[in-house]
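Enquirer:
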Amino acid sequence: MSDPRLAEPKFPKIACVEDVEDAISILEGRWKMLIVAHLYGEPVLRFSELRRAIPQVSQKMLIQQLRGLEDDGVVMRTIYPQVPPKVEYQLTELGRGLGPVFLALLDWAQLRRASLGGGEVAEDESPGSQN
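Rendered as C-alpha cells:
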C-alpha cells in the first residue's frame, strides 16, 4: 500500500520540501481545512451556511480564510446582486483535487485512533478502501 515515491524519491529532497511547504502554505490556517471539508459535503454553500457549519469561527476570520482560499484558486465565490446580498462558495477544480488528501487524512485519523486504543479499524472499513 505504500507509495514508491516515498521509498525512492524521484525529486531532490529540496524540491520535495519546497512542494510540501507550498501546499501547506495554501491550506494553513485554523479554519481552511474545515471550510474545504464542508464544501466537499455540499457542492455550493452560502456564507451564512458556512458560518452555521463552523460556529467557533468569527465572521471576520471566516471571511479572511475564504478570501485566502479564493486567492489561491481553491474556492470560487459567486456574488448575486440582490438585497440582501447572496454570496455562495464552491470548490474549484483545483480544490476538488484535494479529495485524495482528505481521504488520506481520514485513513490516518482512524489509524491514529486505533493505535491509541480508541478502536480498531478493519481494512475494508477504512475511508480510502476500495470495497
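Take 1155 as the starting number for the sequence shown in this note's numbering and just add one per residue. For every residue, glycine included, the Cβ atom is placed at its ideal position computed from N, Cα and C.
Run the CB neighbour count on Ile1189, radius 10 Å, all protein chains shown included, and call it buried at 16 or more, exposed below.
Expert: Buried is the call here.
Enquirer: What are the residues that DSSP puts in a beta bridge with Val1229?
Expert: Answer is Leu1245, bridged to Val1229.
Enquirer: Exposed or buried, what is Tyr1194 when buried is set at 16 or more other beta-carbons lying within 10 Å of its beta-carbon?
Expert: So Tyr1194 counts as exposed.
Enquirer: Which term fits Tyr1234, buried or exposed, when burial requires 16 or more other beta carbons within 10 angstroms of its beta carbon?
Expert: That one is exposed.
Enquirer: Roughly how many angstroms separate the alpha carbons of Tyr1243 and Ala1263, rounded to a whole number?
Expert: About 27 Å.
Enquirer: Give the DSSP-derived three-state secondary structure of Arg1200 in the structure shown.
Expert: The answer is strand: DSSP assigns Arg1200 an E or B state.
Enquirer: Please classify Gly1253 as buried or exposed, where buried requires at least 16 other C-beta atoms within 10 Å of its C-beta.
Expert: By the 10 Å Cβ count, Gly1253 comes out exposed.
Enquirer: Assign Ser1269 to one of two classes, buried (16 or more other C-beta atoms within 10 Å of its C-beta) or exposed (fewer than that).
Expert: Per the 10 Å Cβ criterion, exposed.
Enquirer: Return yes when the Cβ of Val1228 is within less than 8 Å of the Cβ of Leu1260, no when it is not.
Expert: Contact: no.
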